[in-house]
Amino acid sequence: MTEHLTHLRADARDNRDRIVEMAREVFAAEGLDVPMREIARRAQVGPATLYRRFPTKEALVTEAFGHQMHRCGQIVDEALTDPDPWRGFCTAMEQVFELHARDRGFTAAFMAAYPKALDFTAGRAQTLVKVAELARRAKESGGLRPDFVIEDLIVMIMANSGIRASTPAAAVAASRRFAALARQAFAASSERVNLPPVGRVSLVVT
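By the UniProt record's numbering, the letter at position 102 of the sequence shown is numbered 102, and the numbering carries on one by one without gaps.
(1) For the structure I just gave you, are there three or more beta carbon pairs, one from the region 88-106 and one from the region 41-50, closer than 8 Å?
(2) Hey, could you find the ends of the alpha helix (DSSP H) residue 39 is sitting in?
(3) Taking all protein chains shown into account, do 16 or more other C-beta atoms lie within 10 angstroms of the C-beta of residue 181, making it buried, or fewer, making it exposed?
(4) If you draw a straight line from the C-alpha of residue 158 to the C-alpha of residue 35, how long is it?
(5) Is the separation between the beta-carbon of residue 165 and that of residue 93 shorter than 8 Å?
(6) Between residue 156 and the rest of its own chain, which residues show a CB-CB distance below 6 Å, the 5 nearest in sequence each way excluded?
(7) What would DSSP say about residue 144, mapped onto helix, strand or coil?
(8) How long is the line joining the alpha carbons of residue 79 and residue 25, rounded to whole angstroms?
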């Protein structure tokens, strides 16, 4: 009996892990509009199994991208410890852009309004509060242009998420170059930065 229960628990855990992994993969490649039943089909589980573990898409998105959200917060926390606020701001921007370039599903989740996914929306709100504090310090140091607003960074994140490249490495390379361009745009002075090489990107017309 004990072995049977252990086997059932292992199967349930495997199903859950497969659902989350498939959701992460599908959302990253195709965005958040993929139906829950399609995710269940690709994960090779029944819809009832999926909904038993994740009653809403918000719950599945939260689980699929919880690690990325946590990492986003870590990046900004690390930037806040930099004695040079402008350098910290630029480093955080590059790392956040790279995180989003690797996974456009996360960008869609980060930008989406999910009032039922309290953990996710709370994490996003906390991260943006920290970014605002980082920006305030960067302005006071004279590095960040005084008319910068947090919406400017959000617009840049949205633009960065539009990068389409032949490989993940090329997407990251393009993202780093874009971050360098954003740094130049956000700088209070007429600073010129050396642009990193860009990978092969695709022109996609929708």
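Glycine included, C-beta positions come from ideal geometry on N, C-alpha and C. Remember, it's a predicted structure, so these values are computed and weren't measured experimentally.
A quick look at the data gives this:
(1) The region 88-106, when compared against the region 41-50, does not touch it at the 8 Å Cβ threshold.
(2) By 1-based counting over the sequence shown, the position of residue 39 is 39. Residue 39 -> alpha helix (DSSP H) spans 36-42.
(3) As a working note, residue 181 is residue 181 in the sequence shown. Residue 181 counts as exposed, since fewer than 16 other beta carbons sit within 10 angstroms of its beta carbon.
(4) As a working note, residue 158 is residue 158 in the sequence shown. As a working note, residue 35 is residue 35 in the sequence shown. Cα to Cα, the separation comes out at about 23 Å.
(5) Residue mapping note: residue 165 aligns to position 165 of the sequence shown, counting from 1. Residue mapping note: residue 93 aligns to position 93 of the sequence shown, counting from 1. Judged by beta-carbon spacing, residue 93 lies beyond the 8 Å limit of residue 165, meaning their Cβ atoms are not closer than that value.
(6) Residue mapping note: residue 156 aligns to position 156 of the sequence shown, counting from 1. Excluding residues within five positions, the ones whose Cβ falls inside 6 Å are 182.
(7) Numbered from 1 along the sequence shown, position 144 holds the residue referred to as residue 144. Assignment of residue 144 by DSSP, reduced to helix, strand and coil, places it in the strand class.
(8) Working through the sequence shown from its first residue, we reach residue 79 at position 79. Working through the sequence shown from its first residue, we reach residue 25 at position 25. Cα to Cα, the separation comes out at about 29 Å.
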